[in-house]
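S.K.:
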Amino acid sequence: MSVRRLAKEQPASFAFSKATKAKCDWWIAKYPADRKQSAVIPILWLVQKQEGWVSEPAIRAIAELLDMPTIRVLEVATFYTMFMLEPVGTSALIQVCGTTPCMLRGAGDLMAVCKSKIGPKDKLSADGRFTWQEVECLGACANAPMAQINDYYFEDLTADDMAQIIDDFAAGKAPKPGSRVGRASSEPEGGALTLTDPALYDGSAAKPIKKLPNSAPEKAPA
Amino acid sequence: MPVAKVNGVDVEFEPGMTVLQVAERAGEEIPRFCYHERLSIAGNCRMCLVEVKPGPPKPQASCALPAADGQEIFTDTPMVRKAREGVMEFLLINHPLDCPICDQGGECDLQDQAMGYGRDGSRYAENKRAVEEKHMGPTIKTYMTRCIQCTRCVRFITEVAGVPDIGMISRGESAEITTYLESSVNSELSGNVNDLCPVGALTHRPWAFHYRPWELKKTETIDVMDALGSNIRADARGSEVMRVLPRVHEGINEEWLSDKSRYVVDGLTTRRLDRPFVRENGKLRAASWDEALGVVADRLKAASADLVGVVAGDLQDAESMKAALDLFRALGSAHTDCRQDGSPLGGDTREGWLFNSGLAGIEAADAVLIVGADPRVEAPLLNTRLRKIWLSGQAEVALIGEQVDLSYDYNWLGTGSKTLSKLPKAATDMLSRAERPAIIVGAGALAGETGPAVLNALGALAKKYGVIADGWNGFNVLHTAASRVGGLDMGFVPGEGGLSATDMVKKGQLDVLFLLGADEIDASASGAFTVYLGSHGDRGAHGADVILPGAAYTEKSGLYVNTEGRVQMAERVVFPKGQAKEDWAILRALSERVGHTLPYDTLDQLRGKLMADHPTFGRIDYLAPAAAFDPSKLGVKGDLGDVAFASPIRDPYLSNPIARASATMAELSAQRIAPVAMAAE
Chain A
1 MSVRRLAKEQ PASFAFSKAT KAKCDWWIAK YPADRKQSAV IPILWLVQKQ EGWVSEPAIR
61 AIAELLDMPT IRVLEVATFY TMFMLEPVGT SALIQVCGTT PCMLRGAGDL MAVCKSKIGP
121 KDKLSADGRF TWQEVECLGA CANAPMAQIN DYYFEDLTAD DMAQIIDDFA AGKAPKPGSR
181 VGRASSEPEG GALTLTDPAL YDGSAAKPIK KLPNSAPEKA PA
Chain B
1 MPVAKVNGVD VEFEPGMTVL QVAERAGEEI PRFCYHERLS IAGNCRMCLV EVKPGPPKPQ
61 ASCALPAADG QEIFTDTPMV RKAREGVMEF LLINHPLDCP ICDQGGECDL QDQAMGYGRD
121 GSRYAENKRA VEEKHMGPTI KTYMTRCIQC TRCVRFITEV AGVPDIGMIS RGESAEITTY
181 LESSVNSELS GNVNDLCPVG ALTHRPWAFH YRPWELKKTE TIDVMDALGS NIRADARGSE
241 VMRVLPRVHE GINEEWLSDK SRYVVDGLTT RRLDRPFVRE NGKLRAASWD EALGVVADRL
301 KAASADLVGV VAGDLQDAES MKAALDLFRA LGSAHTDCRQ DGSPLGGDTR EGWLFNSGLA
361 GIEAADAVLI VGADPRVEAP LLNTRLRKIW LSGQAEVALI GEQVDLSYDY NWLGTGSKTL
421 SKLPKAATDM LSRAERPAII VGAGALAGET GPAVLNALGA LAKKYGVIAD GWNGFNVLHT
481 AASRVGGLDM GFVPGEGGLS ATDMVKKGQL DVLFLLGADE IDASASGAFT VYLGSHGDRG
541 AHGADVILPG AAYTEKSGLY VNTEGRVQMA ERVVFPKGQA KEDWAILRAL SERVGHTLPY
601 DTLDQLRGKL MADHPTFGRI DYLAPAAAFD PSKLGVKGDL GDVAFASPIR DPYLSNPIAR
661 ASATMAELSA QRIAPVAMAA E
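Residue numbers (UniProt numbering), protein chains in the order written: chain A, 1 to 222; chain B, 1 to 681.
Following this line, the structure appears as structure tokens:
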């Protein structure tokens, strides 16, 4: 994990958009008035959705909105790696999983493609449209290797797939997320191998239960 | 009470105590870095591991583990030792080996505990982590590579100081303690984080590389920078006071100290008066003691008794004030005053000028009305106590006066005497609802012509709302000068027909004006022959015709009475500078020359006389339970007028001659006060 610090170059100001502000208010309303700061993580998310990243003026604006010390917002923003502290690609933020299962299944190849097509890791590409990062386990090990691009998982990737996806994003298309070998979530390739009996799903296997266990209080021993 | 076994010995403990506290009660020392009695529990250093039965068979952090009845605690088993050694080894992995150049060296918790739990060599061959230094302001020097992330500084500044400026950003190996964008820590208590830091990550910037702790001669004494009389330890090397640290006194400063009291010591070495001066043809020239005292004596003898007067300053010890008072009474003068700010306090009722509830006692209050005071500036360590009771939700606070940032919320009622004459409903409700209401009267409310009337109105208010009841006296006067209560206790106020300090300095009132360390009063218009006895070449000395060099508070043994009426004895740390003498001895020598020899030859005899005349001085560090009295008799009934109350301390870092001579105080003033004052204009 790299050292997480605020970006050197910061915008002059930040303002909540109307939609973001409305969502912020919805989150703040969930907590008691004197515990407003509980909403700091959702609001950091919303700000990141709006701007693509979390800037220093945004941190100050959040602190003001939630009536909490600025340093507390900065602590949260620097603690969680999901908050981007520098501008990221406008077309795609590619987060390639580099943890063991993905690494064994070829995450290195994916990263090599990213490197050749976009540039060095963690750096905004020259045209400002792409950023790629290596991240820790994203919890889709059965579909290794995989990458999260913007909000979606792209799974069972090969180097060619990755190249294609990047090209598609560059062309302004929206590539389909999910498995590249046609699997449904983490099912085996070519469909399920177990629990295939249709009778399992038509209700016929179910038996009526006459008496629920522990439904009546036990009799006290005499 | 529940009982636990510590290493096989039964120990009783209060419910709610932690395993660490129970072990301490049994006399076992538990090593720790992050745990501190006065801060919240973090439990992140893991140094305090112990073995506890019943419980999982693993070492447990004792600071965060509640003790239970029948628990068996083991603090020195092989498992415990091994666990602590493991923790120590991890702490030292990223800790630099720079003890020889570290200011904490010699008084470092990590150093000490590494003696007990450290390995003799390191198994770590990789590169150590390095962290950039952080800017935290003029009081805190950082060397963050040494930081072990105990977060004591974060907790202190957030909880006690109420200025949440410091935080720990990022996580894991890249975690760092910093302020937001490396701004200065804007707290008047910032120096305490340097004391709290168990390693050398945060050290005292003004004293960086000035001393090693084992070179210093340590003297326990009393602070005079505010009227609380904080207990301090002054450390000196040779003839120079190198630093001041707090001592624990639960009744006064707990174990904290304000930045002013702590970092003012460099002012003790500059702008000092080290020889007598006599003005000749409008110019001061150095003179001998014999000559200077002779000139003063001649003037005093020549002047008529009702044309000589003395004003005592804010930092004077009780002995020198007693000597001056006795001398001028012997001369037949009634013009004696210790109240440079013109406050109307004094008289017969001692409770009328004391902080009656006591500084620790204020924590029992459930409603506090502050009138004309800014406790954060005038008495920072009283403010932490008010913050404490506000934080716990026990007390409401309301304020009449300037709308200042007290580090906690309060109900602002109005700016001045107009609000007091017709108190808003919010205030009367608060006072009548409370069981133990307290009123804190600041010097700002009592200054000026309406002072006596305001004092009277506050007394009436106190009577009306039961501020003084059985077992509770919440009528509190907050003084700003360390000498003031001592002066009032001995009656250092104008005698029959005497002039007050503010009248004495008016044009043509006196022939000879004696300023006993009085620098906060402008005597330039007086036209009298002015004698200044004091330690620093400051305002008082500038206009003086004769300067008699005296001793500063670290250079004499003296009695001080704090705002709650507690008499404390300060000790001499170093000798007075150059030819300077102790103040009382100068007055004794002068008395001989004017033909009214004071009846004491030693400091002990002087104290004997002081205690015989005024028995309250007889008990050192004793706080008498506040007696009930009738507050409605205070002051003079009159028109309150429309005066805005303002704290007399406009800039706490430049409020007395020692502070004005200190480079650190000048820097703090420029950083903390000037920008605020500029923004207000």
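Where is the CB? At the ideal position from N, CA and C, for every residue including glycine. Since the model is a prediction, treat every value here as computed from it, not as a measurement.
Given that Gln-74 of chain A touches chain B, what residues does it touch there, using C-beta distances under 9 Å?
M.R.: Counting from one through the first sequence, the residue named residue 74 of chain A turns up at place 74. Before going on, a small fix: residue 74 of chain A reads as Leu here, not Gln. Residues of chain B passing the Cβ test: Gly-167, Ile-169, Thr-178, Tyr-180 and Leu-181.
S.K.: Please state the DSSP three-state secondary structure of Ile-177 of chain B.
M.R.: Locating residue 177 of chain B in the second sequence gives position 177, counting from the first residue. Three-state result, Ile-177 of chain B: strand.
S.K.: Does the Cβ of Ile-209 of chain A have 16 or more other Cβ atoms within 10 Å, making it buried, or fewer, making it exposed?
M.R.: Translated into positions along the first sequence, residue 209 of chain A becomes position 209. Burial call: exposed.
S.K.: Along the segment 63-93 of chain A, where does the CB come closer than 7 Å to a CB of chain B? Name the residues.
M.R.: Within the segment 63-93 of chain A, the residues whose Cβ lies closer than 7 Å to some Cβ of chain B are Pro-69, Thr-70, Ile-71, Arg-72, Leu-74, Glu-75, Thr-78 and Phe-79, listed in chain order.
S.K.: Ignore the nearest five residues each way along the sequence and tell me which others in Arg-436 of chain B's own chain have a CB closer than 7 Å to its CB.
M.R.: Locating residue 436 of chain B in the second sequence gives position 436, counting from the first residue. Contacts found: Ala-364, Ala-365, Asp-366, Trp-472 and Gly-474.
S.K.: Go ahead and label Thr-270 of chain B buried or exposed: buried means 16 or more other beta carbons lie within 10 angstroms of its beta carbon, across all protein chains shown.
M.R.: As a first step, residue 270 of chain B must be located in the second sequence, where it is residue number 270. Exposed, by the Cβ-count rule.
S.K.: For Met-103 of chain A, which of A:Ala-77, A:Tyr-153, A:Glu-134 and A:Tyr-152 has the nearest alpha-carbon?
M.R.: Along the first sequence, one-based indexing puts residue 103 of chain A at 103. Nearest C-alpha to Met-103 of chain A: A:Glu-134.
S.K.: Please name the residue, chosen from B:Ser-183, B:Phe-492 and B:Val-87, that lies closest to Gln-316 of chain B on a Cα-to-Cα basis.
M.R.: Stepping through the second sequence from its first residue, residue 316 of chain B is reached at position 316. For the residues B:Ser-183, B:Phe-492 and B:Val-87, the minimum Cα distance to Gln-316 of chain B belongs to B:Phe-492.
S.K.: If I measure Cβ to Cβ from Arg-180 of chain A and keep anything under 8 Å in the same chain, skipping five residues before and after, which residues do I get?
M.R.: Start at 1 with the first residue of the first sequence, and residue 180 of chain A comes out as number 180. For Arg-180 of chain A, where only same-chain residues beyond five positions count, the Cβ hits under 8 Å are Phe-154, Glu-155, Asp-156, Leu-157, Thr-158 and Asp-161.
S.K.: If the cut is a Cβ gap below 8 Å, which residues of chain B does Val-3 of chain A touch?
M.R.: Looking up residue 3 of chain A in the first sequence gives position 3. Per Cβ cutoff of 8 Å: Ser-170 and Ser-174.
S.K.: Report yes if the C-beta distance between Ala-541 of chain B and Pro-576 of chain B is below 8 Å; otherwise report no.
M.R.: Mapped onto the second sequence, residue 541 of chain B falls at position 541. Mapped onto the second sequence, residue 576 of chain B falls at position 576. No, the Cβ-Cβ distance between Ala-541 of chain B and Pro-576 of chain B is not below 8 Å.
S.K.: Looking only at C-alpha atoms, which of B:Glu-220, B:Tyr-622 and B:Leu-455 sits nearest to Asp-639 of chain B?
M.R.: By 1-based counting over the second sequence, the position of residue 639 of chain B is 639. Nearest option by C-alpha distance: B:Leu-455.
S.K.: Looking at C-alpha atoms only, which residue of B:Lys-463, B:Glu-571, B:Ile-586 and B:Glu-255 is the closest neighbour of Leu-634 of chain B?
M.R.: As a position in the second sequence, residue 634 of chain B is number 634, starting the count at 1. Minimum Cα distance to Leu-634 of chain B is reached at B:Lys-463.
S.K.: Between Pro-675 of chain B and chain A, is the shortest Cβ-Cβ distance under 8 Å, so that the two count as touching?
M.R.: Translated into positions along the second sequence, residue 675 of chain B becomes position 675. No - not a single Cβ of chain A is within 8 Å of the one on Pro-675 of chain B.
S.K.: Measure from the C-beta of Pro-15 of chain B to each C-beta in chain E and report whether the shortest distance is under 8 Å.
M.R.: Looking at the structure shown, chain E is missing, and the protein chains on hand are A and B.
S.K.: With a threshold of 8 Å between beta-carbons, can Pro-164 of chain B be considered close to chain A, or not?
M.R.: Residue 164 of chain B sits at position 164 when you count from the first residue of the second sequence. Cβ-Cβ to chain A under 8 Å: yes for Pro-164 of chain B.
S.K.: Give me whichever residues DSSP pairs with Lys-141 of chain B in a beta bridge.
M.R.: Against the second sequence, residue 141 of chain B aligns to sequence position 141. Beta-bridge pairing links Lys-141 of chain B to B:Thr-203.
S.K.: Could you name each continuous beta strand (DSSP E) segment of 3 residues or more that falls completely within the segment 555-615 of chain B, going from the start of the chain to the end?
M.R.: Counting whole runs of 3 or more residues, the segment 555-615 of chain B contains the beta strand (DSSP E) stretches 558-561 and 567-570.
S.K.: What are the start and end residues of each continuous beta strand (DSSP E) run of 3 or more residues lying completely inside the segment 508-537 of chain B, in chain order?
M.R.: Whole beta strand (DSSP E) segments, 3+ residues: 512-516 and 529-534.
S.K.: Would you kindly report the start and end of the unbroken alpha helix (DSSP H) that includes Val-505 of chain B?
M.R.: The count along the second sequence starts at 1 and reaches residue 505 of chain B at position 505. No alpha helix (DSSP H) holds Val-505 of chain B; DSSP gives it neither H nor E.
S.K.: Round the Cβ separation of Gly-267 of chain B and Ala-670 of chain B to the nearest angstrom and send it over; I've been treating them as touching at under 8 Å.
M.R.: Taking the second sequence and counting its residues from 1, the one referred to as residue 267 of chain B is at position 267. Taking the second sequence and counting its residues from 1, the one referred to as residue 670 of chain B is at position 670. Not really, about 15 Å apart at Cβ, beyond 8 Å.
S.K.: Whose C-beta lies closer than 7 Å to the C-beta of Ile-586 of chain B among residues of the same chain, with five residues either side of it excluded?
M.R.: For this step, residue 586 of chain B is matched to residue 586 along the second sequence. Excluding positions up to five away in sequence, the list reads Leu-533, Leu-548 and Gly-550.
S.K.: Going straight from the alpha carbon of residue 699 of chain B to that of Arg-152 of chain B, what length do you get?
M.R.: Past the boundaries of the shown model lies residue 699 of chain B; chain B is included only from 1 to 681, so the question cannot be answered.
S.K.: Phe-645 of chain B and Ile-400 of chain B - do their beta-carbons sit closer together than 8 Å?
M.R.: Taking the first residue of the second sequence as position 1, residue 400 of chain B is located at position 400. Taking the first residue of the second sequence as position 1, residue 645 of chain B is located at position 645. For Ile-400 of chain B and Phe-645 of chain B, yes; Cβs fall inside 8 Å.
S.K.: Ordered along the chain, which non-local residues of its own chain (more than five positions away) have a Cβ less than 8 Å from that of Glu-667 of chain B?
M.R.: Indexing the second sequence from 1 puts residue 667 of chain B at position 667. These residues qualify, in order along the chain: Pro-138.
S.K.: Taking the alpha carbon of Glu-319 of chain B as the reference point, which residue from B:Glu-24, B:Val-52, B:Pro-59 and B:Arg-484 has its own alpha carbon closest?
M.R.: Taking the first residue of the second sequence as 1, we reach residue 319 of chain B at position 319. For the residues B:Glu-24, B:Val-52, B:Pro-59 and B:Arg-484, the minimum Cα distance to Glu-319 of chain B belongs to B:Arg-484.
S.K.: State buried or exposed for Asp-642 of chain B, treating a residue as buried only when at least 16 other CB atoms are found within 10 Å of its CB.
M.R.: In the second sequence, counting from the first residue as 1, residue 642 of chain B sits at position 642. When all chains shown are included, Asp-642 of chain B counts as exposed.
S.K.: Ala-677 of chain B: buried (16+ other C-beta within 10 angstroms of its C-beta) or exposed?
M.R.: Residue numbering aside, residue 677 of chain B sits at position 677 when the second sequence is read from its first letter. Exposed: under 16 other Cβ atoms inside 10 Å.
S.K.: Measuring CB atoms only, is the segment 78-88 of chain A touching the segment 112-121 of chain A, in the sense that at least three cross pairs come out at less than 8 Å?
M.R.: Taking 8 Å as the limit for Cβ pairs, the verdict is that the segment 112-121 of chain A does not touch the segment 78-88 of chain A.
S.K.: In angstroms with no decimal places, state the Cα-to-Cα distance between Thr-502 of chain B and Leu-245 of chain B.
M.R.: One-based indexing of the second sequence puts residue 502 of chain B at position 502. One-based indexing of the second sequence puts residue 245 of chain B at position 245. Roughly 36 Å separates the two Cα atoms.
S.K.: If you draw a straight line from the C-alpha of Ser-67 of chain A to the C-alpha of Ile-28 of chain A, how long is it?
M.R.: Here residue 67 of chain A refers to the residue found at position 67 of the first sequence. Here residue 28 of chain A refers to the residue found at position 28 of the first sequence. First, the amino acid is wrong: residue 67 of chain A is Asp here, not Ser. Each residue's alpha carbon lies about 11 Å from the other.
S.K.: At what residues does the alpha helix (DSSP H) containing Met-111 of chain A begin and finish?
M.R.: Taking the first residue of the first sequence as 1, we reach residue 111 of chain A at position 111. That run of the alpha helix (DSSP H) goes 107-117.
S.K.: How about Thr-563 of chain B and Leu-478 of chain B: do their beta carbons lie closer than 8 Å?
M.R.: As a position in the second sequence, residue 563 of chain B is number 563, starting the count at 1. As a position in the second sequence, residue 478 of chain B is number 478, starting the count at 1. For Thr-563 of chain B and Leu-478 of chain B, yes; Cβs fall inside 8 Å.
S.K.: Of all the options B:Ala-26, B:Met-225, B:Ala-201 and B:His-36, which has the alpha carbon lying nearest to the alpha carbon of His-95 of chain B?
M.R.: Looking up residue 95 of chain B in the second sequence gives position 95. Residue B:Ala-201 is the option with its Cα nearest to His-95 of chain B.
S.K.: How many Å lie between Cys-108 of chain B and Ala-61 of chain B at the Cα?
M.R.: In the second sequence, counting from the first residue as 1, residue 108 of chain B sits at position 108. In the second sequence, counting from the first residue as 1, residue 61 of chain B sits at position 61. Straight-line Cα distance between these residues: approximately 22 Å.
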